[in-house]
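Trainee: These protein sequence lines are chains A and B, in that order.
Using my numbering, you'd call the opening residue of the first sequence number 1249 and step up by one each time.
Using my numbering, you'd call the opening residue of the second sequence number 2 and step up by one each time.
Each residue gets a CB set at the ideal place from its N, CA and C atoms; glycine is no exception.
Bear in mind the structure is a predicted one, so any value in this text is a computation, not a measurement.
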Amino acid sequence: MAEGIHHYFEELVAKHEGILAILVTDRDGVPLVKVADPKVPQNALRASFLSTFSTTAEQASKLGLSKNKSIVCFFASYQVVHFSFLPLVVSIIATSQANTGLLLGLEKEFEETVKAVKVVVDGV
Amino acid sequence: MEKSLDSHLDDIMSEHGVIGVLCSDQQGLALSAKGTANPMYAGHICSLVENAKKLYPDTEPQPVICLESDACNLLVRSEGNVTVAIHKVPS
């Protein structure tokens, strides 16, 4: 199963222009699936960076706009899109020129795959 | 803030045969959507424009992309940072 999921995300990275990495992590930023292009900045793959999303999403959920689902962060050369599938988090790191709308639309595409991983994680 | 954009989209919606209109920015994020247009597809529409631009890189003004189906025609045109897609019933 693990190889199949890794392969699925590898294909997703290859298929979409501008995506540099996709990571499925737990709420502490520990990667379960990691598909990364060599061009991706190593800092963005650190657990300390990835874990900030779950804390931020928790705070964002207090805005009274119901539960936070995703956060997009724009940087000078990169953009990072985080999706909440708590206890799992999916982070997509892409170039700043990548189509943000398309990245947000990917959620529907990998939803089932991530839910399958979530079932396994919940069982542990 | 988006009143002016909305009023322009309402003008388009009032045209004969138009059932939906979507306006998105260069990043594929929907600025406004009316009628049958789904803001979730803004990314796909922008990607369509980007790919079509590769076919005619030097053409000015940008050509209109038309996707035809039995139920509806989708007309897409990009101008500057803005892309507009119109759902129109075939006449």
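Considering V90 of chain B, what are the terminal residues of the alpha helix (DSSP H) in which it resides?
Mentor: Counting along the chain, V90 of chain B falls outside any alpha helix (DSSP H), and DSSP gives it neither H nor E.
Trainee: Pop quiz: S33 of chain B and L56 of chain B are said to be a contact at Cβ under 8 Å. What is the actual Cβ separation, rounded to whole angstroms?
Mentor: Contact doesn't hold; Cβ gap of about 28 Å is too wide.
Trainee: Which residues in chain B sit within 9 Å of G1349 of chain A, going by Cβ to Cβ distance?
Mentor: S25, D26, Q28, G29, L30, A31, P40, M41, Y42, A43, G44, H45, I46, C47, S48
Trainee: What do you reckon, are the CB atoms on C67 of chain B and G1349 of chain A nearer than 8 Å?
Mentor: no
Trainee: Taking S1296 of chain A and G1277 of chain A to be in contact with their CB atoms under 8 Å, please state how far apart those CB atoms are, rounded to whole angstroms.
Mentor: 7 Å
Trainee: Can you tell me which of A:L1260, A:E1359, A:I1267 puts its alpha carbon nearest to the alpha carbon of N1347 of chain A?
Mentor: A:I1267
Trainee: Give a yes or no on whether the C-beta atoms belonging to V1373 of chain A and V1281 of chain A are separated by under 8 Å.
Mentor: Outside the modelled stretch of chain A, which goes from 1249 to 1372, sits residue 1373 of chain A, for which no answer is possible.
Trainee: Between H1254 of chain A and the rest of its own chain, which residues show a CB-CB distance below 7 Å, the 5 nearest in sequence each way excluded?
Mentor: Cβ neighbours of H1254 of chain A beyond the five flanking positions: V1281, V1283.
Trainee: For the beta strand (DSSP E) that Q1327 of chain A lies in, which residues bound it at each end?
Mentor: 1326-1333
Trainee: Is there a C-beta anywhere in chain B that falls below 8 Å from the one on L1352 of chain A?
Mentor: With its beta carbon less than 8 Å from one in chain B, L1352 of chain A belongs to the interface.
Trainee: From E1259 of chain A to D12 of chain B, what distance separates their C-alpha atoms?
Mentor: 42 Å
Trainee: When you compare the CB positions of D26 of chain B and V83 of chain B, do they come within less than 8 Å of one another, or not?
Mentor: A Cβ-Cβ contact shorter than 8 Å links D26 of chain B with V83 of chain B.
Trainee: Using only the alpha-carbon positions, how far apart do V1329 of chain A and F1358 of chain A sit?
Mentor: 14 Å
Trainee: Would you kindly work out how many angstroms separate the C-alpha atoms of G44 of chain B and L23 of chain B, rounded to a whole number?
Mentor: Going by the C-alpha atoms only, they are around 11 Å apart.
Trainee: Can you tell me which of the three DSSP states S5 of chain B falls into?
Mentor: Helix at S5 of chain B.
Trainee: Buried or exposed: where does G21 of chain B fall if 16 or more other Cβ atoms within 10 Å of its Cβ makes it buried?
Mentor: The residue in question, G21 of chain B, is buried, as its Cβ has 16 or more Cβ neighbours within 10 Å.
Trainee: Counting C-beta neighbours from all protein chains within 10 Å, is the total for Q1290 of chain A 16 or more, i.e. buried, or is it exposed?
Mentor: Under this definition Q1290 of chain A is an exposed residue.
Trainee: Give the C-beta separation of N74 of chain B and P91 of chain B to the nearest angstrom, bearing in mind that I take them to be a contact with Cβ-Cβ under 8 Å.
Mentor: The C-beta separation of N74 of chain B from P91 of chain B comes to about 6 Å, placing the pair in contact by the 8 Å criterion.
Trainee: Report the CB separation of K35 of chain B from M14 of chain B in whole angstroms; it is logged as a contact under 8 Å.
Mentor: 5 Å
Trainee: What is the rounded straight-line gap between the Cα of K1317 of chain A and the Cα of P40 of chain B?
Mentor: 17 Å
Trainee: How long is the line joining the alpha carbons of P1279 of chain A and L30 of chain B, rounded to whole angstroms?
Mentor: 28 Å
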